[in-house]
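The following block contains the structure:
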């Protein structure tokens, strides 16, 4: 059962719109659930400004996808779609969720984006993680908490990623979660204009995930970025064969 009341989580994905989590990091979210971690998604808007569908359609679709991904928690802050601002009120609302759920891992959008809401969510999410750890802030309830690690969804950006995640075993369920959004991706030619001309979202994801999978010696993978270096204790046991 997916709850909209914050509970203790291991990982929390913060995204601008319903379906962003599914498309950008759905494989990882399913994999974390498979590994026994408690996962959650915080959607900032209801998607009411989208060309296809409306907020009511997308609410039901988000519930469908949450079940497939095995989420413990999913909530929506109902910030204005296409007008998210990195302001104090929004920071406090997200920071309270972080304090209440205490995730070790937070997943945010990458720092280069086409949609202004996604870029604002990148900055807003980071600032909220910082704010949640301030001991003396009076506007927040509960004990201070900051996630130990923040990673960034970057699967559709062509640059040198920090690491790849094998999602071969999760690929089919990720597709099923995205298919929950029938208002967005089952509309024939109209839905093919969202990501790339004359391509469906499933073709788009498949191409990138196969490409990353080939680089890592697996069938399908998602790509992520971090702003720190990765520390390896035992290079002898590093995964992925060099030759």
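Numbering (the working numbering), first residue to last: 2 to 244.
For every residue, glycine included, the Cβ atom is placed at its ideal position computed from N, Cα and C.
This structure is a prediction, so every number in the text was calculated from the model and none was measured.
Given that a residue counts as buried once 16 or more other Cβ atoms are within 10 Å of its Cβ, and exposed if not, what is residue 243?
As a working mapping, residue 243 is identified with position 242 in the chain shown. Flag for residue 243 reads exposed.
Which of helix, strand or coil does DSSP assign to residue 40?
As a working mapping, residue 40 is identified with position 39 in the chain shown. Three-state DSSP puts residue 40 in a strand.
Distance between residue 31 and residue 174 (C-alpha atoms, nearest Å):
Numbered from 1 along the chain shown, position 173 holds the residue referred to as residue 174. Numbered from 1 along the chain shown, position 30 holds the residue referred to as residue 31. If I take the Cα positions, the gap works out to 8 Å.
Which full runs of the alpha helix (DSSP H) of 4+ residues lie inside the segment 44-112, going along the chain?
56-70, 89-102
CA-CA distance, residue 153 and residue 143?
Translated into positions along the chain shown, residue 153 becomes position 152. Translated into positions along the chain shown, residue 143 becomes position 142. Distance between the alpha carbons of residue 153 and residue 143 is about 27 Å.
Using a Cβ-Cβ cut-off of 7 Å (strictly less than) and excluding sequence neighbours within five positions of residue 162, which residues of its own chain qualify?
For the purposes of this step, residue 162 is identified with residue 161 of the chain shown, where counting begins at 1. 155, 224, 225, 226, listed in sequence order.
DSSP state of residue 184 mapped onto helix, strand, coil
Taking the chain shown and counting its residues from 1, the one referred to as residue 184 is at position 183. If DSSP states are grouped into helix, strand and coil, residue 184 belongs with the helices.
Expected contact under 8 Å - CB spacing of residue 82 and residue 28 to nearest Å
On the chain shown, position 81 is the one that residue 82 refers to. On the chain shown, position 27 is the one that residue 28 refers to. Actually they are not in contact, since the Cβ atoms of residue 82 and residue 28 sit about 25 Å apart, beyond 8 Å.
Rounded to whole angstroms, what is the Cα-Cα separation between residue 200 and residue 74?
Position 199 of the chain shown, counted from the first residue, corresponds to residue 200. Position 73 of the chain shown, counted from the first residue, corresponds to residue 74. Their Cα atoms are separated by approximately 32 Å.
With H, G and I counted as helix, E and B as strand and the rest as coil, what does DSSP make of residue 175?
Here the question's residue 175 lines up with position 174 in the chain shown. Reduced to three states, the DSSP call for residue 175 is helix.
Can you say whether residue 42 is buried or exposed, counting buried as having 16 or more other CB atoms within 10 angstroms of its CB?
If you number the chain shown from 1, residue 42 lands on position 41. Buried, because 16 or more other Cβ atoms sit within 10 Å of the Cβ of residue 42.
Tell me whether the beta-carbon of residue 107 lies closer than 8 Å to the beta-carbon of residue 13.
In the chain shown, residue 107 corresponds to position 106, counting from 1. In the chain shown, residue 13 corresponds to position 12, counting from 1. Yes, they are a contact pair.
For residue 252 and residue 134, which I take to be in contact (beta-carbon distance under 8 Å), what is that distance rounded to the nearest angstrom?
Missing from the structure shown is residue 252; the chain here goes from 2 to 244 and no further.
Can you find the residues in the same chain that come closer than 8 Å, C-beta to C-beta, to residue 103, ignoring five residues on each side of it along the sequence?
Locating residue 103 in the chain shown gives position 102, counting from the first residue. Same-chain partners within the cutoff: 9, 10, 146.
Which of the three DSSP states, helix, strand or coil, is assigned to residue 16?
The count along the chain shown starts at 1 and reaches residue 16 at position 15. Three-state result, residue 16: strand.
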